[in-house]
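Peer 1: To start, I am sharing the structure in question, which I have written as structure tokens.
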Amino acid sequence: MSFDREREMHTATCGDCGNECQVPFKPKEDRPVYCRECFQNHKPAPRQGGGRFGGRSGGFGGDRGSRFGRRDDRPREMHDAKCGDCGTDTQVPFKPKEDRPVYCRECFQNHRN
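Residue numbers for the sequence shown follow UniProt numbering, beginning at 1 and rising by one.
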């Protein structure tokens, strides 16, 4: 596969200023196209955390302790469980399975290392 070939450009009219411009895609009738200058005004705000996958070390989202972040502010449903190591009663954010041990926060850290 060769990347030396030039992109096919298409002529369009900017949806803001009305100037003619060239874009690297075929414009659709139902969506506005913007020239280079006007496009800057329509760019979405950068995601918090930055980077391709959220930018924070140790996860993908901004919600500490949640691997993928939260989409809403509802409280998590917690489930009662008994730690498989020390026997302490604890709560976890998932429904425990009978055939898999669940660990309290302290014992879980020992299993991560």
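Cβ coordinates follow ideal geometry from the N, Cα and C atoms, glycine included.
Name the DSSP beta bridge partners of residue 119, please?
Peer 2: This structure cannot speak to residue 119, because the chain is shown only from 1 to 113.
Peer 1: Tell me whether the beta-carbon of TYR34 lies closer than 8 angstroms to the beta-carbon of GLY15.
Peer 2: Contact: yes.
Peer 1: How about LYS26 and HIS10: are their beta carbons less than 8 angstroms apart?
Peer 2: Going by C-beta atoms, LYS26 is nearer than 8 angstroms to HIS10.
Peer 1: Could you check where the beta strand (DSSP E) with LYS82 kicks off and where it finishes?
Peer 2: First-last of the beta strand (DSSP E) with LYS82: 79-82.
Peer 1: What number of angstroms, rounded off, separates the C-alpha of GLY87 from the C-alpha of PHE39?
Peer 2: Taking the straight line joining both Cα atoms gives about 59 angstroms.
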